[in-house]
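Numbering (our numbering), first residue to last: 54 to 203.
Using N, Cα and C, we set each Cβ at its ideal position, and we do this for glycine too.
Report on the following structure.
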């Protein structure tokens, strides 16, 4: 059994904890060009980000007759828009930052970890999520499944 802090896939050289930290950092990145470059470095060109929206959004969708609501961003352009939009809403105003919980784990080409959204001033956790990432042969994300859990 290996400690997740040093868990590395020898084929891709991807360190699990380092990947989780890079993933969270892209959502906090204030510079648009660096954020765009980070999106391209983390996700494969045709990668997909699937988001299970918060409970209140799912309930609203059910009232419209949708029994399953999943939001999808596919490809670098859509991923950059998704990350930028979250940054603009939560981080840019100076209110919140995202951080990894330090619990990244890996099984073959699947990485999972949790993250939190916290008040920038060190306040309480105001949101949390679970990421399930599937990596391609080059170590970049090919599918990203995000569950908002708090």
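When burial is assigned at 16 or more other CB atoms within 10 Å of the CB, is residue 69 buried or exposed? Numbered from its first residue, the chain shown carries residue 69 at position 16. With 16 or more other Cβ atoms within 10 Å, it is buried.
In chain order, which continuous runs of the beta strand (DSSP E) of length 3 or greater are located wholly inside the stretch 95 to 170?
-> 96 to 105, 124 to 127, 149 to 153, 158 to 160
Look at residue 129 and residue 197 and say whether their C-beta atoms are less than 8 Å apart. Residue mapping note: residue 129 aligns to position 76 of the chain shown, counting from 1. Residue mapping note: residue 197 aligns to position 144 of the chain shown, counting from 1. Not closer than 8 Å, so no.
Straight-line Cα distance separating residue 106 from residue 178: The residue labelled residue 178 in the question sits at position 125 within the chain shown. The residue labelled residue 106 in the question sits at position 53 within the chain shown. Spanning the two alpha carbons is a distance of roughly 18 Å.
In terms of DSSP beta bridges, what is residue 91 paired with?
The residue given as residue 91 occupies position 38 in the chain shown. Per DSSP, none; premise fails for residue 91.
task = Between the Cα of residue 133 and those of 76, 202, 169, 110, spot the shortest distance and give me the residue it belongs to.
result = Locating residue 133 in the chain shown gives position 80, where the first residue counts as 1. It is 76 whose Cα lies nearest to the Cα of residue 133.
What three-state label does DSSP hand residue 202 in the structure shown? Mapped onto the chain shown, residue 202 falls at position 149. In the structure shown, residue 202 sits in coil (DSSP, three-state: anything other than H, G, I, E or B).
Practice problem: Could you name the residues of the same chain whose beta carbon sits closer than 7 Å to that of residue 173, not counting the 5 residues immediately before and after it, in chain order? | Solution: Working through the chain shown from its first residue, we reach residue 173 at position 120. Answer for residue 173: 147, 148, 149, 150, listed in chain order.
- Local Cβ density within 10 Å of residue 56, reported as buried at 16 or more and exposed below that: What you label residue 56 is simply residue 3 of the chain shown in a count that begins at 1. Low local confidence applies: a pLDDT of 41 at residue 56 is under 50, so the model's placement there is unreliable, with the coordinate-based value given in what follows. By the 10 Å Cβ count, residue 56 comes out exposed.
Item checked: Alpha carbon of residue 94 to alpha carbon of residue 193, nearest angstrom -> Here residue 94 refers to the residue found at position 41 when the chain shown is read from its first residue. Here residue 193 refers to the residue found at position 140 when the chain shown is read from its first residue. Those two C-alpha atoms are separated by around 7 Å.
> How is the alpha helix (DSSP H) around residue 74 delimited, first residue to last?
Replying inline: To locate residue 74, count along the chain shown from 1; it is residue 21. Start and end: 69 to 81.
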